[in-house]
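The structure under discussion appears below in the form of structure tokens.
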Amino acid sequence: MIESSLKDIAAALRDKKVSAVELATESLSRIEAGNARINAFVTIDRDGALAAAKAADERLAAGSAGPLTGIPLAHKDVFCTEGVLTTCGSKMLSNFVSPYNAHVVSLLKAAGAVMVGKTNMDEFAMGSSNENSHFGPTRNPWNTDKVPGGSSGGSAAAVAARMVPIATGTDTGGSIRQPASLCGITGIKPTYGRVSRYGMIAYASSLDQGGAFGYSAEDCAVLLSSMAGHDPRDSTSLEQGAEDFGRDLAKPLAGLRIGLPKEFFAEGMSDDVRAAVDAAIAEYRKLGATTVEVSLPNARLAIPAYYVIAPAEASSNLSRFDGVRYGHRAADYGDLNDMYCKSRAEGFGGEVKRRILVGTYVLSHGYYDAYYIKAQKLRRLIANDFAAAFQQCDVIAGPVSPTVAFGIGEKSDDPVQMYLSDIYTIAVNLAGLPGLSHPAGFGVGGLPVGLQLIGNYFGEARLLNTAHQYQQHTDWHTRVPASL
Amino acid sequence: MSRTDWEVVIGLEIHTQLNTQSKIFSGASTAFGAEPNAQACAVDIALPGVLPVLNKGAVERAIRFGLAIGATVAPKSVFARKNYFYPDLPKGYQISQYELPVVQGGQITLQVPDGKGGAYEKVVNLTRAHLEEDAGKSLHEDFHGMTGIDLNRAGTPLLEIVSEPDMRSSAEAVAYAKALHALVRWIDICDGNMQEGSFRCDANVSVRPRGQAEFGTRREIKNLNSFRFLQQAIDYEIQWQIDLIEDGGKVQQATVLFDADTGETRAMRSKEDAHDYRYFPDPDLLPLVISSEWIERVKGELPELPEALSARFQGEYGLSAYDATTLTASREVAQFYLDTVAAAGAANAKTCANWVMGELAGRLNKAELDITASPVSAVQLAGLVQRIADNTISNAIAKKVFEALWNKEGDSADAIIEAQGLKQVTDTGAIEAIIDEVLAANQKSVEEFRSGKEKAFNALVGQCMKASKGKANPAQVNELLKKKLG
Chain A
68 MIESSLKDIA
78 AALRDKKVSA
88 VELATESLSR
98 IEAGNARINA
108 FVTIDRDGAL
118 AAAKAADERL
128 AAGSAGPLTG
138 IPLAHKDVFC
148 TEGVLTTCGS
158 KMLSNFVSPY
168 NAHVVSLLKA
178 AGAVMVGKTN
188 MDEFAMGSSN
198 ENSHFGPTRN
208 PWNTDKVPGG
218 SSGGSAAAVA
228 ARMVPIATGT
238 DTGGSIRQPA
248 SLCGITGIKP
258 TYGRVSRYGM
268 IAYASSLDQG
278 GAFGYSAEDC
288 AVLLSSMAGH
298 DPRDSTSLEQ
308 GAEDFGRDLA
318 KPLAGLRIGL
328 PKEFFAEGMS
338 DDVRAAVDAA
348 IAEYRKLGAT
358 TVEVSLPNAR
368 LAIPAYYVIA
378 PAEASSNLSR
388 FDGVRYGHRA
398 ADYGDLNDMY
408 CKSRAEGFGG
418 EVKRRILVGT
428 YVLSHGYYDA
438 YYIKAQKLRR
448 LIANDFAAAF
458 QQCDVIAGPV
468 SPTVAFGIGE
478 KSDDPVQMYL
488 SDIYTIAVNL
498 AGLPGLSHPA
508 GFGVGGLPVG
518 LQLIGNYFGE
528 ARLLNTAHQY
538 QQHTDWHTRV
548 PASL
Chain B
4 MSRTDWEVVI
14 GLEIHTQLNT
24 QSKIFSGAST
34 AFGAEPNAQA
44 CAVDIALPGV
54 LPVLNKGAVE
64 RAIRFGLAIG
74 ATVAPKSVFA
84 RKNYFYPDLP
94 KGYQISQYEL
104 PVVQGGQITL
114 QVPDGKGGAY
124 EKVVNLTRAH
134 LEEDAGKSLH
144 EDFHGMTGID
154 LNRAGTPLLE
164 IVSEPDMRSS
174 AEAVAYAKAL
184 HALVRWIDIC
194 DGNMQEGSFR
204 CDANVSVRPR
214 GQAEFGTRRE
224 IKNLNSFRFL
234 QQAIDYEIQW
244 QIDLIEDGGK
254 VQQATVLFDA
264 DTGETRAMRS
274 KEDAHDYRYF
284 PDPDLLPLVI
294 SSEWIERVKG
304 ELPELPEALS
314 ARFQGEYGLS
324 AYDATTLTAS
334 REVAQFYLDT
344 VAAAGAANAK
354 TCANWVMGEL
364 AGRLNKAELD
374 ITASPVSAVQ
384 LAGLVQRIAD
394 NTISNAIAKK
404 VFEALWNKEG
414 DSADAIIEAQ
424 GLKQVTDTGA
434 IEAIIDEVLA
444 ANQKSVEEFR
454 SGKEKAFNAL
464 VGQCMKASKG
474 KANPAQVNEL
484 LKKKLG
């Protein structure tokens, strides 16, 4: 049942063909059987899941169920969950049990979704491969020698391995779209401010945005609709209330204008990815869409701008992890400064330390204008590029990642190569736009390739409609790894 | 040996704790004195994932302050993070305002005592005032080699008010601090409780040879929590800097602490190991936008300000600048005075001022009572003033009546005058009778006066007043006595 669409699972629950407890049990069994191989989960909450499933069954019986009631779901371990370990993939928080729920967690709990566990991730969401986790790398279900992408790699792998039908993620520079692409599933990052960041452990506050993973755009629409909405506890939360992002799914694509940024297609994309992307675009034309070349001249500056802004914010956001109130504290230390140094040196991994150092540097007196202010200006230019492009088109399409999933260990010694794997996704975060990745075929080694769709502000419903129509006429999203 | 004539330059940074119910970025209570960490919520202790939400009440108080000092209330200001590690700073940064503060410019006019019983006017310009959050407290006692952290104060809203380096003596600095202290209470944005740390002063002090245009190197004295300490610390610091320079030394920029026990200042850290706070706009908070409608509404709700009221007291009631300033030192004193004048009549405004600032203030001070707890009400005091004005009682008797009112011996001045028979005797016949008696009993003085001793006259007046138990009208006694002896 877990491989079915949310619509079918919900119908089966409603029709008493399956109970929420049975579904949770199925999900938990799959996780317990597959996690040793995939390492998608940091925490499996069997007791909590079964209790939540029981409550969901009561709700189903009472006839007060919603579209997510009784549906098993996994949360990226960046979301605080009351009473359940929240590690953020770090040794620093390896003992941290949150006393409160993130807004997203509360909303989905209230919707009756059954959380089965917390998924593995790059430490503090910093990474593109899930290799930066204190709890070991997550492996790609399509080939366990390959990375699942990151930083929400655990959630993407869990959905790809059909352990859960849906999962939450966060996307700061591509952390939902890239693992969705590498794992052959659908993932959406909404407009910045759609999903409350309250209780979502901050990496780079002005870029972080929660989003959804599922088998299909239709399923992502259901999950995202239950996650989004204004939250007064997050000052950057948009005023818009909750909305049904699936409202336009059935709209035909005739007349849709798809913009193709020439810079995305110029170079850098590997041949297999290019072939799949081109084929997907051809399919869209078949569905009635027209394509138009657009230009994002400053997109090439997205990576340098991102690697100033994100580390700057991160260096400050991660200052609270000082060993004083919670989290890891070194066993032996001399004075206060020694406690700080040892606790943080022991608690953080290499990539986190690298970004803290970079961020501290770019904010330092004498460097701030040259780096931080300049990067903010680039950010504005990049957003302007998109605004100009959207004068000519309704959605923008392109690759998600320049290559299919790379090998575990392949780029881990070369941070710049690793950073470049986010070249197509990062500009979207800098502009605060919504972006989606859907399966679009397979490349070298039979590994999935995703297509990225970028929407204008508040254009989630349109993105999901576009992807859904594609998925009505293709079956890439229904393919599962051979091992299943 | 010629000594340089040194000029002192002082600027103050004053942290006022805003009197909101809840903290500046969380819903936790700001009440003072709770059990440690009982008033620190998830946001205050900086749990992973929590976010700040700005308290509008704190902004409104900043607007009120800006309007009260004639400053620009910025239509858009920005919260920034000031990054540094300290155990009582839970996030590892303080949310403050850096490049774009909410209040910009403004000035305060004050009366500075000149040390000779008078005062002179001084205008102090303000640089800015910005909103920020307070840190928690580190407790070093009772923990045997460890440090306790109390985060109740973490997130308490502060308005940091920064002056230009406009003050030229400790007396001016204290007068400025007092005026600001009075103002923030007047407009009800801060309780002004210095013992509880609601009003804390940092003083930037430097000296330069008089006539030199550029400033000397300054040292910043931190955390002065009484006006007396402010004065002592600045005076000590000035002398220390002058001595150092005259001995051939050079002042190094530094942060210093004042030791109240020794009365000395000592360096805490020098510029070399100063922090680089790595300020940047807080991405968790949107820029603070204040609409002109909001400003207009706050303006409409502002009470009449001390400067305006003081000017009115001088213009309408003919009070001196010093008296008017004294009576507008706090809203409570001003209100008491206004109530007294309202009941006694504007013609008696000057007498009312003398009584509020004199007898009443002295008595309250001795009894350590606030004017709002005065046993003598404004209406009662007005009744007393009226009886002085219409010659029912003399000033001397008035003090007796005041004492009786203080001791609740009667409900009004009239009732006490009546009950205790204190009414001034103005009946010429009655006074003449007293004079005759006195003259008969004091023949010696009479003879002395007649032989040219003017002093004897005063002695006879005194005897007459004594014989009348102080009730005889002194002017009439004088006049009639002169007539009888002449």
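Heads up: the protein sequence lines correspond to chains A and B, in order. Note that the numbering used here has the first sequence beginning at 68, numbered continuously upward. Note that the numbering used here has the second sequence beginning at 4, numbered continuously upward. Here a beta-carbon is modelled for each residue, glycine too, at the ideal position from N, C-alpha and C.
Name the chain C residues whose beta carbon is nearer than 9 angstroms to that of residue i?
i	result
Thr153(A)	The chain inventory of the structure shown lacks chain C, comprising the protein chains A and B.
To which residues of the same chain is residue i closer than 6 angstroms at the C-beta, ignoring the five residues directly before and after it?
i	result
Ala442(A)	Ala372, Val375, Ile376
Leu514(A)	Trp209, Val471, Ala472
Thr7(B)	Pro212
Asn351(B)	Val388, Ala392
Gly151(B)	Leu142
Closer than 9 angstroms by beta-carbon distance: list the chain A residues that pair up with residue i, in chain order.
i	result
Val56(B)	Pro299, Arg300, Asp301, Ser302
Ala356(B)	Neighbours of Ala356(B) on chain A: none; closest Cβ ~50 angstroms, over 9 angstroms.
Ile152(B)	Val391, Arg392
Leu289(B)	Ser302, Thr303
Residues of chain B with CB under 8 angstroms from residue i, in chain order?
i	result
Ile268(A)	Pro51, Gly52
Cys147(A)	Leu50, Pro51, Gly52
Ala169(A)	Gly52
Thr235(A)	Those do not exist, as Thr235(A) stays about 13 angstroms from chain B at its closest Cβ, beyond 8 angstroms.
Tyr407(A)	Phe88
So, for residue i: in the same chain, excluding its five sequence neighbours on each side, which residues have a beta-carbon less than 7 angstroms away from its beta-carbon?
i	result
Glu149(A)	Ser165, Pro166, Tyr167, Asn168
Arg374(B)	The sequence given here places Ile at residue 374(B); Arg does not occur at that position. Excluding positions up to five away in sequence, the list reads Glu335, Val336, Phe339, Leu367.
Glu310(B)	Thr112
Gly308(A)	Gly296, His297
Leu233(B)	Ala176, Val177, Ala180, Cys204, Ala206, Leu227
Mind pulling the chain B residues with CB within less than 7 angstroms of residue i?
i	result
Leu430(A)	Arg281, Phe283
Asp389(A)	Phe88, Gly95
Leu497(A)	Those within 7 angstroms of Leu497(A) in chain B number zero; the least Cβ separation is about 13 angstroms.
Thr545(A)	Correct list: empty, because the minimum Cβ distance to chain B is about 35 angstroms.
Using a cut-off of 7 angstroms between C-beta atoms, extract the partners of residue i located in chain A.
i	result
Tyr96(B)	Ser383, Ser386
Ala257(B)	In chain order: nothing, as chain A lies at least about 18 angstroms away.
Quick one: list the residues of chain A neighbouring residue i, beta-carbon separation under 8 angstroms, in chain order.
i	result
Arg84(B)	Ser383
Ile27(B)	By Cβ distance, chain A contributes nothing, its closest Cβ being about 13 angstroms from Ile27(B), past 8 angstroms.
Pro286(B)	Ala271, Ser272, Ser273, Thr303, Glu380
Ala45(B)	Pro166, Tyr167
Residues of chain B with a CB under 9 angstroms from the CB of residue i: which are they?
i	result
Leu368(A)	Result: empty, since nearest Cβ-Cβ is about 20 angstroms, beyond 9 angstroms.
Phe280(A)	The premise fails here: Phe280(A) is roughly 20 angstroms from chain B at the closest Cβ pair, so nothing lies under 9 angstroms.
Tyr26(A)	The shown model of chain A, from 68 to 551, leaves out residue 26(A), and the question about it has no answer.
Leu403(A)	Phe88, Tyr89, Pro90, Thr150
Leaving out the 5 sequence neighbours to the left and right, which residues in its chain are closer than 8 angstroms to residue i when beta-carbon positions are compared?
i	result
Tyr524(A)	Thr258, Gly499, Leu500, Pro501
Gln317(B)	Ser323, Ala324, Ala327
### Query
Quick one: complete alpha helix (DSSP H) runs, 4+ long, within the stretch 203-263 of chain A?
Fully enclosed alpha helix (DSSP H) runs of 4 or longer: 220-227, 244-250.
#### Entry: Sequence ranges, alpha helix (DSSP H) only - wholly within the stretch 418-460 of chain A, length at least 4
Correct list: 441-456.
### Message
Using a Cβ distance threshold of 8 angstroms, determine whether the stretch 220-230 of chain B contacts the stretch 203-210 of chain B, with at least three qualifying pairs required.
### Response
Short answer: they touch.
### Message
So if I threshold CB-CB distances at 8 angstroms, which residues from the stretch 247-269 of chain A count as touching chain B?
### Response
Arg264, Tyr265, Gly266, Met267, Ile268, Ala269
### Query
the stretch 102-120 of chain A: which residues have C-beta closer than 8 angstroms to a C-beta of chain B, in chain order?
none
### Message
Output needed in chain order: residues of the stretch 187-212 of chain A with a Cβ under 8 angstroms from some Cβ in chain B.
### Response
none
### Sufficient close CB pairs (3 or more, under 8 angstroms) joining the stretch 109-126 of chain B to the stretch 78-97 of chain B
A contact between stretches requires three or more CB pairs, one per stretch, nearer than 8 angstroms, and the stretch 109-126 of chain B fails this requirement with the stretch 78-97 of chain B.
### Secondary structure, beta strand (DSSP E): runs of 3+ residues fully inside the stretch 77-159 of chain A
108-111, 139-143
#### Entry: Those runs of the beta strand (DSSP E) which lie wholly inside the stretch 79-146 of chain B and span at least 3 residues
82-86, 96-100, 110-116, 122-136, 140-142
### Task
Evaluate the contact criterion for the stretch 345-358 of chain B versus the stretch 376-384 of chain B: three or more CB pairs, one atom per stretch, below 8 angstroms.
Using a Cβ-Cβ distance cut-off of 8 angstroms, the stretch 345-358 of chain B and the stretch 376-384 of chain B are in contact, since at least three pairs of beta carbons, one from each stretch, lie closer than that value.
### Task
Pair every Cβ in the stretch 146-166 of chain B with every Cβ in the stretch 25-34 of chain B, then say whether three or more of these pairs are closer than 8 angstroms.
yes
### Message
Report the start-end ranges of each beta strand (DSSP E) in the stretch 345-410 of chain A that is 3 residues or longer and not cut off at the edges.
### Response
357-361
### Message
As an exercise, report each continuous alpha helix (DSSP H) stretch of at least 4 residues that is fully enclosed by the stretch 163-200 of chain B, in chain order.
### Response
173-189
### contact_flag[the stretch 86-99 of chain A, the stretch 117-132 of chain A] where n(CB pairs < 8 angstroms) is 3 or more
yes
### Message
So, does the stretch 37-50 of chain B touch the stretch 243-263 of chain A, judging by three or more C-beta pairs under 8 angstroms?
### Response
no
### Message
Could you check whether the stretch 223-237 of chain A touches the stretch 530-540 of chain A, counting it as contact only if at least three pairs of C-beta atoms, one from each stretch, sit closer than 8 angstroms?
### Response
no
#### Entry: Contact between the stretch 140-156 of chain B and the stretch 117-132 of chain B (3+ Cβ pairs under 8 angstroms)
no
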